[in-house]
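Following: one structure in structure tokens, then a few remarks.
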Amino acid sequence: MHNDIADILVSEKEIQEICVKLGKQITADYKDKQPIFVGLLKGCVPFMSDLARQVDLKFDMAYMSVSSYHGGIASSGDVKIKMDLDISVKDRDVLIVEDIVDTANTIVTIIDLLKHRGAKSVKMATLLDKPAGRLREYQPEYVGRVIPKEFVVGYGLDYDEYYRNLPYVGILKPEVYAKKS
Ligand code: IMP
194 MHNDIADILV SEKEIQEICV KLGKQITADY KDKQPIFVGL LKGCVPFMSD
244 LARQVDLKFD MAYMSVSSYH GGIASSGDVK IKMDLDISVK DRDVLIVEDI
294 VDTANTIVTI IDLLKHRGAK SVKMATLLDK PAGRLREYQP EYVGRVIPKE
344 FVVGYGLDYD EYYRNLPYVG ILKPEVYAKK S
């Protein structure tokens, strides 16, 4: 698996430092609130787990599964809800937890949906931000690292459902996905 990686972009150590830093900011910003952390499956899982343990607050954790990729390396722009929340967001402060923001199609769609359902506030914590990929205007409130417009895998991020278990974020060798297309 490691042989398919051209370069490590965000190391395990850096990821842990990001979680500590964002955890402190979120703890301070949501002091006296009881937010719901909404993780977008499946990519959020490692980040949700590490970030949540750096937040010194009582909060709910819930998950949604949405998809816009369908197995390739470019967003289709068509966001589908595959699994919905099991908790009401009405009058609640929501923090969406994501692995990466690229076009922002996913996050803008989910924010609109949660606001429509009556959420009091909807903010976002993302491990990675790829602003060069934007198709919609959007700036996440909590960003771990801004990265260039590369297709990355690891620490939750997949290519065709693989590589999510890499402990770091890396750039996939182009020949790995060239084989499929
Ligand atoms: P957006 O809707 O284009 O902002 O994309 C958000 C989703 O696309 C993320 O939650 C990821 O699942 C996926 N994604 C975007 N960029 C990458 C990448 O470089 N590697 C793997 N998945 C990605």
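Residues in the sequence shown are numbered consecutively from 194, following the working numbering. Ideal Cβ positions, reconstructed from N, Cα and C, are used throughout, including at glycine. Note that the structure is a prediction, hence the values are computed from the model and not measured.
Excluding sequence positions up to five away, which residues of its chain have a Cβ less than 8 angstroms from the Cβ of residue i?
{"i": "VAL238", "result": "GLY232, GLY349, ARG357"}
{"i": "THR299", "result": "LEU233, VAL259, SER261, SER268, VAL272, GLU291"}
Taking the alpha-carbon positions, what's the residue i to residue j distance?
{"i": "VAL153", "j": "LYS313", "result": "Since the first residue shown for the chain is 194 and the last is 374, residue 153 is missing from the structure and cannot be characterised."}
{"i": "PHE344", "j": "GLU354", "result": "14 angstroms"}
{"i": "LYS235", "j": "SER258", "result": "7 angstroms"}
{"i": "GLU334", "j": "ALA255", "result": "19 angstroms"}
{"i": "VAL213", "j": "GLU207", "result": "10 angstroms"}
{"i": "LEU250", "j": "LYS226", "result": "8 angstroms"}
{"i": "ALA318", "j": "GLN218", "result": "11 angstroms"}
{"i": "PRO228", "j": "ALA325", "result": "30 angstroms"}
{"i": "SER275", "j": "GLU210", "result": "This sequence places Lys at residue 275; Ser is not what is there. If you take the alpha carbons of LYS275 and GLU210, they lie about 32 angstroms apart."}
{"i": "SER277", "j": "SER260", "result": "The sequence shown places Asp at residue 277, not Ser. The straight-line gap from Cα to Cα measures roughly 12 angstroms."}
{"i": "LYS342", "j": "MET194", "result": "22 angstroms"}
{"i": "ASP222", "j": "ASP351", "result": "31 angstroms"}
Can you tell me the Cβ-Cβ gap for residue i and residue j, rounded? I've got them flagged as a contact below 8 angstroms.
{"i": "LEU321", "j": "ILE293", "result": "4 angstroms"}
{"i": "VAL187", "j": "ASP197", "result": "This structure cannot settle anything about residue 187, because the visible part of the chain is limited to 194 through 374."}
{"i": "ASP200", "j": "ILE364", "result": "5 angstroms"}
{"i": "LEU215", "j": "GLY347", "result": "Rounded, the Cβ-Cβ distance is 18 angstroms, inconsistent with contact."}
{"i": "LYS323", "j": "ILE340", "result": "6 angstroms"}
Near residue i, what residues of its chain come up, given a Cβ to Cβ distance below 7 angstroms and the 5 sequence neighbours on each side ignored?
{"i": "ASP393", "result": "Here the chain has residues from 194 to 374 only, and residue 393 is not among them."}
{"i": "THR383", "result": "What the structure shows of the chain is the stretch from 194 to 374, and residue 383 is not part of that stretch, so it cannot be assessed."}
{"i": "GLU205", "result": "PRO360, TYR361"}
{"i": "VAL387", "result": "Given a span of 194 to 374 for the chain in the structure shown, any question on residue 387 remains unanswerable."}
{"i": "ALA245", "result": "PHE230, MET254"}
{"i": "SER281", "result": "none"}
Since residue i sits in a beta bridge, which residues does DSSP pair it with?
{"i": "TYR352", "result": "TYR355"}
{"i": "ILE198", "result": "LEU365"}
{"i": "THR319", "result": "GLU291, VAL336"}
{"i": "VAL231", "result": "ALA255, ILE289"}
Within the same chain, show all residues whose beta-carbon is closer than 6 angstroms to that of residue i, passing over the 5 residues directly before and after it, in chain order.
{"i": "MET241", "result": "GLY232, VAL290"}
{"i": "VAL248", "result": "GLY216, ILE219, THR220"}
{"i": "ALA297", "result": "ARG327, ARG329, TYR331"}
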